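Novice: In our numbering, the protein residues as written are 62 to 177. Can you keep this structure in mind? I'll have questions shortly.
So this is what it looks like as structure tokens:
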């Protein structure tokens, strides 16, 4: 059974930081590309960042310079460090693994709320 469990969300003020975590089980974590998506109220879900098993990182433009994705294969965990958060970053953040370049399993999401 595959499980992707996100944690670390919360309410912060603009300019502050959060670190999201996602613990995965039931997948071959070390060989999977892992990533993060987010969905803001009234908007479509959008890709934020991903990291391959080889360590290559990719980011959407709004995340470059502020967000950092990392992974610990020994813990089957992927992280998203988010700095300089802004109200427009308010969203539910989802962890995902990729298979054949497409999102496969999703977590339940963790809420991030940034107040101005």
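Here a beta-carbon is modelled for each residue, glycine too, at the ideal position from N, C-alpha and C. All values derive from a computational prediction rather than experimental measurement.
(1) Might you give, ordered along the chain, the residues of its own chain that have their beta carbon closer than 6 Å to the beta carbon of residue 113, omitting 5 neighbours on each side?
(2) Report the rounded CA-to-CA distance for residue 186 versus residue 151, giving the unit in angstroms.
(3) Just how far apart, CA to CA, sit residue 136 and residue 92?
(4) Could you pull the DSSP bridge partners for residue 75 from this structure?
(5) Taking its Cβ as the centre, do 16 or more other Cβ atoms sit within 10 Å of residue 124, making it buried, or is it exposed?
(6) Report the residue from 166, 156, 177 whose alpha carbon sits nearest the alpha carbon of residue 69.
(7) Would you check if the distance between the CB atom of residue 83 and the CB atom of residue 63 is smaller than 8 Å?
(8) Short of 8 Å in beta carbon distance, which residues of its chain neighbour residue 148, apart from the five on each side in sequence? Order them along the chain.
(9) Following the continuous beta strand (DSSP E) through residue 161, name the residue where it begins and the one where it ends.
(10) Between the beta-carbon of residue 140 and the beta-carbon of residue 80, is there less than 8 Å?
(11) Figure out for me which residue from 134, 130, 153 has the closest Cα to the Cα of residue 144.
(12) Going by other Cβ atoms of all chains shown within 10 Å of its Cβ, with 16 needed for buried, is residue 161 buried or exposed?
Specialist: Let me lay it out:
(1) Here the question's residue 113 lines up with position 52 in the chain shown. Excluding positions up to five away in sequence, the list reads 94.
(2) Residue 186 is absent from the structure shown; the chain starts at 62 and stops at 177.
(3) Sequence index remark: in the chain shown, residue 136 carries index 75 (1-based). Sequence index remark: in the chain shown, residue 92 carries index 31 (1-based). In this model, residue 136 and residue 92 are separated by some 13 Å (Cα to Cα).
(4) For the purposes of this step, residue 75 is taken as the residue at position 14 of the chain shown. DSSP, once it has assigned bridges, lists no residue as partnering residue 75.
(5) To locate residue 124, count along the chain shown from 1; it is residue 63. Per the 10 Å Cβ criterion, buried.
(6) Sequence index remark: in the chain shown, residue 69 carries index 8 (1-based). Answer by Cα proximity: 156.
(7) Here residue 83 corresponds to residue number 22 of the chain shown, with the count starting at 1. Here residue 63 corresponds to residue number 2 of the chain shown, with the count starting at 1. The answer is no: Cβ separation not under 8 Å.
(8) In the chain shown, counting from the first residue as 1, residue 148 sits at position 87. Once the five neighbours on either side are set aside, the close Cβ partners of residue 148 are 75, 175, 176, 177.
(9) Position 100 of the chain shown holds residue 161. For residue 161, there is no enclosing beta strand (DSSP E), as DSSP marks it with neither H nor E.
(10) Along the chain shown, one-based indexing puts residue 140 at 79. Along the chain shown, one-based indexing puts residue 80 at 19. With contacts defined as CB atoms closer than 8 Å, residue 140 and residue 80 qualify as a contacting pair.
(11) As a first step, residue 144 must be located in the chain shown, where it is residue number 83. Closest option to residue 144, Cα to Cα, is 130.
(12) For this step, residue 161 is matched to residue 100 along the chain shown. With fewer than 16 Cβ atoms within 10 Å of its Cβ, residue 161 is classed as exposed.
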